[in-house]
Amino acid sequence: MAGGRGNFASRLGFILAAAGSAIGLGNIWKFPYLAGANGGAVFLIVYLVFVFTIGISVMLAEFAIGRAGERNPVGAIKHLKGGAWIGVGYMGVVAGFAILSFYSVVGGWTIAYAVKTATGLLNLSDAKAFGGAFGAFVAAPVEPIVYHFAFMALTVAVVARGVERGIERACRVLMPMLFVIVIILCVRSLTLPGAMAGVKFFLNPDFSKLTGAMVTAALGQAFFSLSLGMGAMITLGSYLSKQTHLPGSALWVTSLDTVIAVLAGFMVLPAVFAFGFDPGAGPGLTFITLPAVFAKMPWGAGFGTLFFVLLAVAALTSAISLLEVVVAFLIDEKGVARPKAAIGAGAVIFLLGVPSSLSLGVWGDYKLFGKGFFDLMDYAASNVMLPLGGVLIAVFVGWVVTPRIMREAEREDGHLFKLAPAWHAICRYVAPVGVAWVLFSGL
Ligand code: TRP
Numbered sequence: 009m010a011g012g013r014g015n016f017a018s019r020l021g022f023i024l025a026a027a028g029s030a031i032g033l034g035n036i037w038k039f040p041y042l043a044g045a046n047g048g049a050v051f052l053i054v055y056l057v058f059v060f061t062i063g064i065s066v067m068l069a070e071f072a073i074g075r076a077g078e079r080n081p082v083g084a085i086k087h088l089k090g091g092a093w094i095g096v097g098y099m100g101v102v103a104g105f106a107i108l109s110f111y112s113v114v115g116g117w118t119i120a121y122a123v124k125t126a127t128g129l130l131n132l133s134d135a136k137a138f139g140g141a142f143g144a145f146v147a148a149p150v151e152p153i154v155y156h157f158a159f160m161a162l163t164v165a166v167v168a169r170g171v172e173r174g175i176e177r178a179c180r181v182l183m184p185m186l187f188v189i190v191i192i193l194c195v196r197s198l199t200l201p202g203a204m205a206g207v208k209f210f211l212n213p214d215f216s217k218l219t220g221a222m223v224t225a226a227l228g229q230a231f232f233s234l235s236l237g238m239g240a241m242i243t244l245g246s247y248l249s250k251q252t253h254l255p256g257s258a259l260w261v262t263s264l265d266t267v268i269a270v271l272a273g274f275m276v277l278p279a280v281f282a283f284g285f286d287p288g289a290g291p292g293l294t295f296i297t298l299p300a301v302f303a304k305m306p307w308g309a310g311f312g313t314l315f316f317v318l319l320a321v322a323a324l325t326s327a328i329s330l331l332e333v334v335v336a337f338l339i340d341e342k343g344v345a346r347p348k349a350a351i352g353a354g355a356v357i358f359l360l361g362v363p364s365s366l367s368l369g370v371w372g373d374y375k376l377f378g379k380g381f382f383d384l385m386d387y388a389a390s391n392v393m394l395p396l397g398g399v400l401i402a403v404f405v406g407w408v409v410t411p412r413i414m415r416e417a418e419r420e421d422g423h424l425f426k427l428a429p430a431w432h433a434i435c436r437y438v439a440p441v442g443v444a445w446v447l448f449s450g451l
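Taking this note's numbering, the leading residue of the sequence shown gets 9, the next gets one more, and so forth.
This is the structure in structure tokens:
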């Protein structure tokens, strides 16, 4: 491989790394509260449509660009075409800073909740009290920032050492464990008295809830959850061997990510209704609902602690892929040494996360465009930068470097990529028209 880049030993290793990036807080924290706030089943339907048309196509486009360009997003695009297209790579680096700043704040919440569940601080008898406990925790000026620092420090520690074998090996055990515990929690949630109202909410669409804002949220979530639109998958693709079957890998990663998001819906929403919480409660929904579920389980504290530890690990593997985009750019394009790049970028991102955390408490009154800093970062990154970046990547593949990238996606041992024409049509027409329509109607 060019420049002696590391390489994934196997296709399975690559799929696990890409799935490790995709599966994270987006699935378990964000998806349930967005579905809860946006009408349940209609949100799910629109989300699935975006994921399996535009999402999976952009993922394949990013894999192919990365492998063909053999570099970070900026370098890969420079290598393939150059010119103004390099701006797409730069926007990805900026989006990496923005997303990781608030992502790490929420990552800190998961560590905090692992500690609080283990030490019995969340041993509350009344389910309603979990809302107050969460509100008081995130509004505090110091405690959540300490956990945000801890989460960011862990991310930096891994990235500074390079795409780490240890983490890949750990994920092979921990990700399946997370999957099993999510299933157990689904069963508990679905068997609570009153849970069926939540199932109905999640599966029985009410099309009067179909609004522009909801469609924008579903599109942004599709990109966010699949780690698309800012070059994370380009960066991963650049470490990929030429033998790997790209379309099959994209299908695997997309499917795994979607299964976890839907399961998270079944884990959270039935319990929300069973306990009489508000499904539109927003970013606290998972953190309010799950402790109430643990309280209703035998060995609840043990399950709860294990769950939050595994969620923190899933969040960490996603955060690594976000920081890796920034760090790979600094190494390849600016010649910065890896540890220095990781620590420097991590410090800036930590500082950028501080106002996000404070905006949920003491700085709650400062608003820009009617949003606090946390919401503003999330909105600008997820609903604007990622769809915009994603669509530019699709146009790049569909119109600009088509033959080179089509060949890249088809280069594989023995598999024929029968859907290549459909992929091409989505990149060329469906994604640009669809995303432009959503962005203009939603903003
Ligand atoms: N997809 C991750 C999640 O669902 C978050 C993430 C990691 C991400 N890398 C990304 C989002 C790149 C957008 C772009 O938690």
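Even glycine gets a Cβ: it sits at the ideal position worked out from N, Cα and C.
| Check | Outcome |
| --- | --- |
| Met183 beta carbon near the ligand TRP (any heavy atom closer than 6 Å) | no |
| Cβ separation of Gly361 and Ser112, assumed to be a contact under 8 Å, to the nearest whole Å | 5 Å |
| Val403 versus Pro306: straight-line alpha-carbon distance, rounded | 52 Å |
| Presumed contact (8 Å Cβ cut-off) between His87 and Gly95, rounded CB distance | Their Cβ separation, rounded to whole angstroms, is 15 Å, which puts His87 and Gly95 out of contact at 8 Å. |
| For His253, the first and last residue of its enclosing alpha helix (DSSP H) | Here His253 belongs to no alpha helix (DSSP H), and DSSP marks it neither H nor E. |
| Distance CB(Phe138)-CB(Ala300) smaller than 7 Å | yes |
| Beta carbon of Gly206 nearer than 7 Å to that of Phe311 | no |
| The segment 216-231 in contact with the segment 382-391 per 3-pair CB rule at 8 Å | yes |
| Other residues of its chain near His156: CB distance less than 8 Å, five sequence neighbours each side excluded | Ser112, Val113, Gly115, Gly116, Phe358, Gly361, Val362 and Ser365 |
| Contacting residues, own chain, Cβ-Cβ under 7 Å from Pro40 (five flanking each side not counted) | Ala272, Gly273, Val276, Leu277, Leu293 and Thr294 |
| Proximal residues to Met160 (C-beta, below 6 Å), its chain only, five neighbours per side dropped | Ser112, Gly354 and Phe358 |
| DSSP state of Met9 mapped onto helix, strand, coil | Low per-residue confidence applies at Met9: pLDDT is 35, beneath 50, and the placement is therefore not dependable enough to give any value. |
| Trp407 versus Cys435, Asp386 and Ala430, residue with shortest Cα-Cα distance | Cys435 |
| Boundaries (first-last residue) of the alpha helix (DSSP H) holding Met204 | Met204 to Leu211 |
| Neighbourhood of Ala122 by C-beta, 7 Å cutoff - its chain only, sequence neighbours within 5 removed | Thr313, Phe316, Val317 and Ala320 |
| Check whether Gly100 and Gly398 have beta carbons under 7 Å apart | no |
| Range covered by the alpha helix (DSSP H) that runs through Val57 | Ala49 to Phe58 |
| Alpha helix (DSSP H) runs contained entirely in the segment 282-337, provided each spans 4 or more residues | 293-303 |
| Phe283 vs Gly48 beta-carbon contact at 7 Å | no |
| Collapsed DSSP secondary structure at Ile434 in the structure displayed | helix |
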